Amino acid sequence: MVGITKSFPGVLANDDVSFEAAAGEVHALLGENGAGKTTLSNILTGLYRPDEGQIELYGELVNFHSPRDALDAGICMVHQHFRLVEPFTVAENVVLGDHRGEGRRFFVHPPSVERRVAELGRSYRLAVRPGARIWQLSVGEQQRIEILKALYREARILIMDEPTAVLTPQEADDLFGTLRAMADEGKTVIFISHKLHEVKAVADRVTVLRGGRTVGTVNAGDATLRSLAALMVGREIQESRRVERPRSTSDLRLLEVDGLVIEGDRGGPAVKDVSLAIREGEIVGVAGVAGNGQRELTEAICGLRDAVEGQIRVGGRRLASGDVRDAIRAGVAFVPEDRLGTGLVPSLSVTSNVALKSYRRSPFSRGPLLALGRMREAALQLIRRYDVQTPGPETPVRNLSGGNLQKLVLGREFESDPLVLVVAQPTRGLDVGAIETVHAYLREAATKGMAILLVSEDLDEIRALADRILVMYEGELVGELEGATADVEEIGYLMAGGHREPESPQERSGMT
220 MVGITKSFPG VLANDDVSFE AAAGEVHALL GENGAGKTTL SNILTGLYRP DEGQIELYGE
280 LVNFHSPRDA LDAGICMVHQ HFRLVEPFTV AENVVLGDHR GEGRRFFVHP PSVERRVAEL
340 GRSYRLAVRP GARIWQLSVG EQQRIEILKA LYREARILIM DEPTAVLTPQ EADDLFGTLR
400 AMADEGKTVI FISHKLHEVK AVADRVTVLR GGRTVGTVNA GDATLRSLAA LMVGREIQES
460 RRVERPRSTS DLRLLEVDGL VIEGDRGGPA VKDVSLAIRE GEIVGVAGVA GNGQRELTEA
520 ICGLRDAVEG QIRVGGRRLA SGDVRDAIRA GVAFVPEDRL GTGLVPSLSV TSNVALKSYR
580 RSPFSRGPLL ALGRMREAAL QLIRRYDVQT PGPETPVRNL SGGNLQKLVL GREFESDPLV
640 LVVAQPTRGL DVGAIETVHA YLREAATKGM AILLVSEDLD EIRALADRIL VMYEGELVGE
700 LEGATADVEE IGYLMAGGHR EPESPQERSG MT
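Just so you know, we're using the working numbering here: the sequence shown kicks off at 220 and counts up by one.
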């Protein structure tokens, strides 16, 4: 890609960017949120056409008019925001749009397609349920489907945008092995990740973008984590590590979950007799592979899903099951894993999304009328405070990058000053500088007395933040570990179905 320039209203996304990747290599693409990585990838996959510049593929000039042209050329991308049809099954999504084999037939034989997809998942160690509907799956499961779609199409050039965000360390290692095997076969893998240690583990070369321009390309083996981070953000930055803060001595339980049973979208219990408690000023992490009940648990606490059995109390007050407004009134804030589908309304402006949960009351309303000026001022303050990169407060949020969407949701929830914050995957898709900032916000909130339930598949994140770590497997809590001393291998073992017996009566009740 030579001299690529692409602009949108108010934003210059790519500014004379040049990027080169070789056959038989894993090439990492790094950059802060808004640096232009996704735009560059969308140009390569035919979703956008550049304003200036050209693309050469295997030495020949190419001009993609549509994503079909890029697919025909052997270029596939696993997007950060998934391209899946929710009412369709996993198998149907995998073959959808593929004009080879089953995908080009007028009649598709579902059992045979499901068998092929299941075999492909087993061969790449990506567990899937071929007959499940996409809407029934967690975000993590959906990401596996996107990876399988690209593998099914036998891509010669595979672009992967944050592919390990929902994998255990063991699964991530397996994926790295798959990527290396693809490179050994002569394929090109473009690996977009904000996890610098992953880049060091799997990449041959690294190209860094900053402010829409190419900063440089370095050999991964010659770079350090600190030097890569400095290239990304233009300054020295601390590597992610645990920062000890005063441990809460309060006995006040702000969140109590007792005997919770929640039905899943496919029938049967997704959460099975879960009990836990979080004290004032405490961060409790929930680790687990996506699809083991974490989403259903967080949605029930926040009133988005009914509980079959059990009860939830916030500040001693019992919440009405499946009542979002009651949860908000009680002081529950929620940062969902699906920020664009659940956390925001894509077609509404930044201003409207900032006021989404509080427009019914002062200062955003005066009786039946909205105080539009105050809503806009609140949006401007949030944009400045949380460094949300947007042309303005009236911009529809669908035009923002993934990282800026996340900062917008986080800022709105922090500003509501809740008793309990339920946060799922808070730094998915964020660069190292933004991750550092979000972690500081979470620590500060806990220091001020907020009870935080942190759900994340990023074990480094959980170990860096949580006072206690609970592990979920198949809807149950299978172990509890101290955040300061938790071992990655032990957490991974529990995430894969191993069990650890509680060591004390306090642990058995979910409270140390």
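We put the CB at the ideal spot given by N, CA and C, even for glycine. Predicted model, so just to flag it, every value in this text is computed and none were measured.
Between Arg-662 and Val-462, the C-beta spacing is below 8 Å. Secondary structure of Ala-552 (DSSP, three-state): strand.
Taking Phe-633 as the centre and dropping the five residues before and after it, the same chain places the C-beta of Tyr-660, Ala-664 closer than 7 Å to its C-beta, in chain order. In the DSSP annotation of this structure, Thr-443 is not part of any beta strand (DSSP E), being labelled neither H nor E. The beta-bridge partner set that DSSP reports for Met-296 consists of Ile-378.
In the three-state DSSP reduction, Arg-603 falls in the helix class (H, G or I). When the alpha-carbon of Phe-410 is set against those of Ala-539, Glu-693, Thr-257, the nearest one is in Thr-257. When only Cα atoms are considered, Glu-699 and Arg-514 end up about 19 Å apart.
In terms of Cα proximity to Val-490, the closest of Leu-629, Val-476, Val-554, Arg-604 is Val-476.
Around the beta carbon of Glu-271, a 10 Å sphere encloses fewer than 16 other beta carbons of the protein chains shown; the residue is thus reported as exposed.
Around the beta carbon of Glu-501, a 10 Å sphere encloses 16 or more other beta carbons of the protein chains shown; the residue is thus reported as buried.
With contacts defined as CB atoms closer than 8 Å, Phe-301 and Gln-355 fail to qualify as a contacting pair. Shortest Cα-Cα distance from Leu-444 to any of Leu-415, Leu-315, Val-236 involves Leu-415. Gln-530 is classed as exposed because its beta carbon has fewer than 16 other beta carbons within 10 Å across all chains shown. By the Cβ rule, the region 285-305 does not count as touching the region 327-336, because fewer than three pairs are nearer than 8 Å. In terms of Cα proximity to Ala-519, the closest of Glu-404, Gly-504, Pro-645, Val-493 is Val-493. The DSSP-derived three-state label of Lys-225 is strand.
With fewer than 16 other Cβ atoms from the protein chains shown falling within 10 Å of its own Cβ, Tyr-277 counts as exposed. With contacts defined as CB atoms closer than 8 Å, Val-425 and Thr-436 qualify as a contacting pair.
Taking a 10 Å sphere around the C-beta of His-284, we find fewer than 16 other C-beta atoms and assign the residue as exposed.
When the five nearest sequence neighbours on each side are left out, the beta carbons in the same chain lying within less than 7 Å of the beta carbon of Asp-234 are those of Thr-224, Gly-431, Arg-432, in order along the chain.
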